[in-house]
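Protein chains in written order, with the numbering used here: chain A, 8 to 610; chain B, 8 to 610. We treat Cβ as the ideally placed atom computed from N, Cα and C, and that holds for glycine. In this text, all values refer to a predicted model and were calculated from it rather than measured experimentally.
Number of protein chains: 2
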Amino acid sequence: MRENPICVRLAALREKMLEYGIDIYIVPSSDCHESEYVSAHFRAREYITGFTGSAGTAVITMEEAGLWTDGRYFLQAEGQLKRSGIRLYRMGEPDVPTVREYVESQLGQGKCIGFDGRVMGASKALEFEQAARAQGASLLALEDLVGMIWTDRPDIPDAEIFVLEECYSGEPADNKIARVRCAMEEQRADVHVLASLCDISWLLNLRGGDIPCVPVVLSFLVMTLRTCVWYVRPSIVTDEIRNYLSKHGVEIRGYDEIYSDLKTLPAGTRVLVDRKNVNYRLLKSLPVSTVVIDQSNPTEIMKAVKNETEIKNIREAHRKESIAFTRFLYRLKTGKANLTELSAAEYLDACRAEQEHCLGQSFTPICAYGAHGAIVHYSATAETDAPILQENFLLVDAGGHYLEGTTDTTRTIAMGSLSLKQKRMYTAVLRANLRLAYAKFLKGATGYSLDALCREPLWQLGVDFKHGTGHGVGYLLNVHEGPNAFRLRIPKGEEPAELQPGMVTTDEPGVYIAGDYGIRLENELLCVEGPSNEYGQFLEFEILTLIPFDRAAILPEEMDSEELRWLNAYHQRVYETVGPYLPEEEREWLKACTARLQLGKSE
Amino acid sequence: MRENPICVRLAALREKMLEYGIDIYIVPSSDCHESEYVSAHFRAREYITGFTGSAGTAVITMEEAGLWTDGRYFLQAEGQLKRSGIRLYRMGEPDVPTVREYVESQLGQGKCIGFDGRVMGASKALEFEQAARAQGASLLALEDLVGMIWTDRPDIPDAEIFVLEECYSGEPADNKIARVRCAMEEQRADVHVLASLCDISWLLNLRGGDIPCVPVVLSFLVMTLRTCVWYVRPSIVTDEIRNYLSKHGVEIRGYDEIYSDLKTLPAGTRVLVDRKNVNYRLLKSLPVSTVVIDQSNPTEIMKAVKNETEIKNIREAHRKESIAFTRFLYRLKTGKANLTELSAAEYLDACRAEQEHCLGQSFTPICAYGAHGAIVHYSATAETDAPILQENFLLVDAGGHYLEGTTDTTRTIAMGSLSLKQKRMYTAVLRANLRLAYAKFLKGATGYSLDALCREPLWQLGVDFKHGTGHGVGYLLNVHEGPNAFRLRIPKGEEPAELQPGMVTTDEPGVYIAGDYGIRLENELLCVEGPSNEYGQFLEFEILTLIPFDRAAILPEEMDSEELRWLNAYHQRVYETVGPYLPEEEREWLKACTARLQLGKSE
């Protein structure tokens, strides 16, 4: 029997640890930018453990090796860690230590913690630093030990960079840079260090392809009130891009030069840097004589509030996505073709690809039939790929990138006759979705204030869903974007963001019956102004997604008259917007799908 | 023309300021315990300005004198400050400096700020301390200059202290003290200093009469893990109370001795003290060598979560209050007597006084007819007392103290025929009230999560109310009690409290049409456990207040079927609980008031 390759890698890593005098080596899942998704080059934790899930942390000592991951991945990790000698730590389960607690238990006078400070977030790394100091241990964050032993490491993709023209971005880069400088002046900051890839791409109106599903460019940015330097691999910067940036007053330097450049900042320099969003080595490159202003990146709120051009475009992107998704629904509901989860997802991709300016998926779609629908983060593989039968629910959560913006939609489709309970649950999820979508509220409300409006119809039935109600959506960037979100609980220390006109947030309640089915209904909501009167400025939402809900699953008698009015008005908009782009037969089908529902007999 | 007495007092105060070398003297409205209400003895700000409102701060320099108060009191303060030479600063209006900004503008090298450190909250005082330090000024917080010139100052009332027996409190004092000690151990605190009068009264199961409407005893308390010392005026402690306390391990010392006792704490002592809830001199009496643990008083959450005995009693208190209020409504709706705002309030008091164990009002009632109802903090005086006519709305917000607990209720009564708009607004406020009262929610939700459920029916009409949706209620203590509350906005830096079974919170949405009328409907809600299942522990509310809503003001066709079911079920409970205690004629009237409402024709 051949030796498990993971054991070979661990042995090689331990040799390096010995060489550098490191007792505890930590391998996180991140790149140098605290990105949610990372390219293959940065999957060091996957390389050293064999576990391919998106979230997890490995900790290796001379005697032990452990992997920490969350509930989504317990089964997968168990399988992939077999015979590796790596122990699985199930995060959140009783009596399972956190990474920090484990590291602390291994520490002691003279011990040394190590990690690659470029791929460890500053906030988390500062906790390890503190733990080491408290026990008379040391910390070495300069060495990428996994990189040293990783012989066939994938390159960073040399994806093409392109300029997002003003007809799409709505605001030239120099304007955006000037606005960030105003924000710096308000904080009396001399320098601003930006590592978040989406923020940099938004600021410079550039897009690339360095991360799957997120069209950004691996880079850093450092601004003063007069200069702006973009740190990027020179090999991917064409003359055209160089000229473009030069016109906007942006200078270019090598990707790795940022660390040495920061070290030369003069004493007393006030540096605006968001600790949650930079890596440890960046933070540590700032001389101790500088003053760190730890605030959110000013670009975070600027890019969340979409401008008029972006809003016009986003409506267009949703029209296209809604046409593609509706055609996909038509095939599902009327086609006799034998689709599986994977082939259905492919067919949706094909429908989307017919649309102009489409740049592909905004995330790996979830196409989950029956019991798979109850697994919130299910992703079909060749092994799990289930045939879609003429019964139960199919849950499809998918989205696309267009030059006109990014989309994220979920529909749950009745594939045959449903039980009364299934219809009740679908109707409750629909009511939850509509209650939030048609909310009116005073300026000052946050996504935390409104969350209960969505959950209340489910709570009345003693049901809840264990995920957020909605997240912000980027513009041809990450489909998950802050600071706006609908959430039940405010994370400790977080200042919730007020909802503002121009913010786009998803509205995606669900019900999940383990082993049976899952229902989620997701629309994107654009925050818009309502009336302004003596009570203040009212706000409301415009629903961007225009795809029919499934009337085969709706019990009108369980909805109140206002909710039915909302549903009928929504379906009318769907028909009017999407109908004209469909072939006659599909249009007639859509007309029937969106016809008025009448009040049930119980009222 | 006689000289205004305020001018004489200001001149005397300025002489004292000269004597002590003070340039800026600040007089707040508080007692030594940061109490919401204070007894006459502590109304130094009223004495020195002539302004009798409950909230305000006076600042006196050698040349100027100013009074800061909020919007509730602008008109009253304008009148009362006339010819006093004191300038009114309207807090919250544009270009009006805050007290702190004004004080800072008057400061400079060598200047001296003064105030009586016993009646200034520690958090606020620390800001003045910082302002003084920043400008090279000094601060003198030892002298009560107003007290020196206040010749006819009222005494502190020598109200009787009584023990709240275990059949009312549900838990002996030594048990409560032991629980606080556990909380101290969790924080590794050696000493706990408690100045909040309600917390002390709750802890010792004692009640008194040192503050109008709040049956507490002016006192401090200092605990260690072994000792417990109550600092109180010895003159009011009877032998019975002394024996009672001794049995519970509580020692007694003089009210003012706390300051010198704290000064003797050994270096390194860890002192648990809630800075928001102690006066400046107390905080400053702690030697700098001690370690301050600035956390909420452990008693705050303990007293907010009512025990089973308290809950049983509170239901009883609400039954009594509901009987009294219903009899009052009967008189209003059927009596031909010519009542005014003041005489109506007196009649309600008389109805309450008929109930056993009633200990008077829990706050000064608001009995506001017609346009007065739109003034949220209206309080009728002999000058404003309006006759109640056979038209428009009468708003009555009142509550009582009983041995069985404290109540707070608002009803708005149609005194004659109403306009369609008035009925629409009443119906919307009623829907708002019911939506919150019948909410079901997951444990983990706070009063901020649920607030929008209440406001949404009003927001849908473009209407809002500019006050909190609800506050916690004490048990024979302050009618306003934290930490639970229903609020739209979380104050900066505050950690919202999770709703827990046993918490009692008011539910009091309103609509206020200036110059016309006000509508507020207030019930108290007890948080109770709902089902527990795979999603977690659900919570819901039991409505404690059982007083009919006014069907003459309700439009059933504007309510959905679920809301009507809730209303009918509530009215049935009202009739079943209150009816048996009414004379036959009143019971028949109540039966008609609480009869089922049918769905309107529009559905």
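Margin query: Taking CB distances under 8 Å as the criterion, tell me whether B:Glu610 reaches chain A.
Written below: Low per-residue confidence applies at B:Glu610: pLDDT is 37, beneath 50, and the placement is therefore not dependable, though the value from the model is reported in the following sentence. Yes, B:Glu610 counts as interfacial toward chain A.
Checklist line | Nearest neighbour of A:Gly479, chosen from A:Glu531, A:Thr434, A:Leu210 [CA to CA] | finding: Relative to the Cα of A:Gly479, the nearest Cα in the group A:Glu531, A:Thr434, A:Leu210 belongs to A:Glu531.
Next item on the list: Tell me whether B:Met127 sits in a helix, a strand or coil according to DSSP, three-state version.
Entry: Three-state result, B:Met127: coil.
Notebook entry, point to check: When we look at the beta-carbon of B:Lys608 and count the other beta-carbons within 10 Å, is it buried (16 or more) or exposed?
Noted result: Model confidence at B:Lys608 stands at a pLDDT of 41, short of 50, so the residue's coordinates are unreliable; what they give is reported in the following sentence. By the neighbour-count criterion, in which 16 or more other beta carbons inside 10 Å mark a residue as buried, B:Lys608 falls on the exposed side.
Check: Rounded to a whole number of angstroms, what is the C-alpha to C-alpha distance between B:Thr453 and A:Met566?
Finding: 27 Å
Note to self: Can you find the residues in the same chain that come closer than 6 Å, C-beta to C-beta, to A:Tyr80, ignoring five residues on each side of it along the sequence?
What the structure shows: Cβ-Cβ distances below 6 Å link A:Tyr80 to Gly60 in the same chain, with the five nearest sequence neighbours on each side left out; the list follows chain order.
Next item on the list: Determine the contact status of B:Ala72 and B:Leu114, defining contact as a CB-CB distance below 8 Å.
Entry: It is not a contact, given that the beta carbons lie outside the stated cut-off.
Check: By DSSP, does A:Cys220 sit in helix, in strand, or in coil?
Finding: coil
Notebook entry, point to check: Would you call the stretch 496 to 504 of chain B and the stretch 439 to 458 of chain B touching, i.e. three or more CB-CB distances under 8 Å?
Noted result: yes
Next item on the list: Can you give me the Cβ contacts of A:Gly475 inside the same chain, cut-off strictly under 7 Å, excluding the 5 residues immediately before and after it?
Entry: Ala492, Phe493, Arg494
Item checked: Whole-Å CB distance - A:Leu553 paired with A:Ile318, under 8 Å assumed -> The pair is not a contact, with the Cβ atoms about 15 Å apart (cut-off 8 Å).
Next item on the list: State the CB to CB distance for the pair A:Arg418 and A:Phe545, rounded to an integer number of angstroms; the pair is presumed to be in contact (CB under 8 Å).
Entry: Contact flag wrong, Cβ pair sits at about 30 Å.
Next item on the list: Determine, using beta carbons only, whether A:Tyr542 comes closer than 8 Å to chain B.
Entry: yes
Check: Which whole runs of the alpha helix (DSSP H) in the stretch 457 to 511 of chain A are 4 residues long or more, in chain order?
Finding: none
Item checked: Residue of B:Gly522, B:Ala521, B:Arg527, B:Pro508 minimising C-alpha distance to B:Asp514 -> B:Arg527
Notebook entry, point to check: Does any CB atom of chain B fall closer than 8 Å to the CB of A:Trp466?
Noted result: Closer than 8 Å to some Cβ of chain B, the Cβ of A:Trp466 qualifies, so yes.
Next item on the list: Just the C-alpha distance for A:Asp557 and A:Arg438, rounded to the nearest angstrom, thanks.
Entry: 13 Å
Note to self: Helix, strand or coil, according to DSSP, for A:Arg160 in the structure here?
What the structure shows: coil
Checklist line | Partners in chain B for A:Asp458, counting only beta-carbon separations shorter than 8 Å | finding: Result: Ser456.
Notebook entry, point to check: Of all the alpha helix (DSSP H) runs that stay within the bounds of the stretch 174 to 220 of chain A, which reach a length of 4 or more residues?
Noted result: 180 to 193, 204 to 211
Note to self: When you compare the CB of A:Lys447 with every CB in chain B, is at least one pair closer than 8 Å?
What the structure shows: Contacts with chain B at 8 Å (Cβ-Cβ) include A:Lys447.
Margin query: When you compare the CB positions of A:Gly522 and A:Phe472, do they come within less than 8 Å of one another, or not?
Written below: no
Notebook entry, point to check: Since A:Leu495 meets chain B, which of its residues come closer than 8 Å, beta carbon to beta carbon?
Noted result: Under the 8 Å cutoff, chain B gives Leu449, Gly451, Ala452, Ser456.
Next item on the list: For A:Glu610, I'd like the list of residues in its chain whose CB is within less than 6 Å of its CB, leaving aside the five on either flank, ordered along the chain.
Entry: With a pLDDT of only 37 at A:Glu610, under 50, the local geometry of the prediction cannot be trusted, and the value read off the model is given with reservation. Nothing meets the Cβ criterion.
Margin query: Just to confirm, is the Cβ distance from B:Ser292 to B:Gly275 under 8 Å?
Written below: no
Next item on the list: Determine the burial state of B:Ser424: buried for a count of at least 16 other Cβ atoms within 10 Å of its Cβ, exposed for fewer.
Entry: exposed
Check: In terms of DSSP beta bridges, what is A:Tyr577 paired with?
Finding: DSSP lists no partner for A:Tyr577.
Margin query: Rounded to whole angstroms, what is the Cα-Cα separation between B:Lys598 and B:Gly586?
Written below: Across the structure, B:Lys598 and B:Gly586 are spaced so that their CA atoms are roughly 8 Å apart.
Checklist line | Own chain residues within Cβ distance below 6 Å of A:Gly128, not counting five before or after | finding: Excluding positions up to five away in sequence, the list reads Glu41.
Next item on the list: Rounded to whole angstroms, what's the CA-CA distance from B:Ile520 to A:Asp281? Just pull it up for me.
Entry: B:Ile520 and A:Asp281: Cα-Cα distance of roughly 46 Å.
Note to self: Please report whether the beta-carbon of A:Ser267 lies at a distance below 8 Å from any beta-carbon of chain B.
What the structure shows: no
Margin query: Quick check on DSSP: helix, strand or coil for A:Ser609?
Written below: Confidence is the limiting factor: at A:Ser609 the pLDDT is only 42, short of 50, which leaves the residue's position unreliable, though a coordinate-based value still follows. DSSP places A:Ser609 in coil when its eight states are reduced to three.
Notebook entry, point to check: If we call anything under 8 Å between Cβ atoms a contact, is A:Ala387 one with A:Leu349?
Noted result: Closer than 8 Å, so yes.
Item checked: the stretch 172 to 189 of chain B contacting the stretch 217 to 227 of chain B, beta-carbon criterion three pairs below 8 Å -> no
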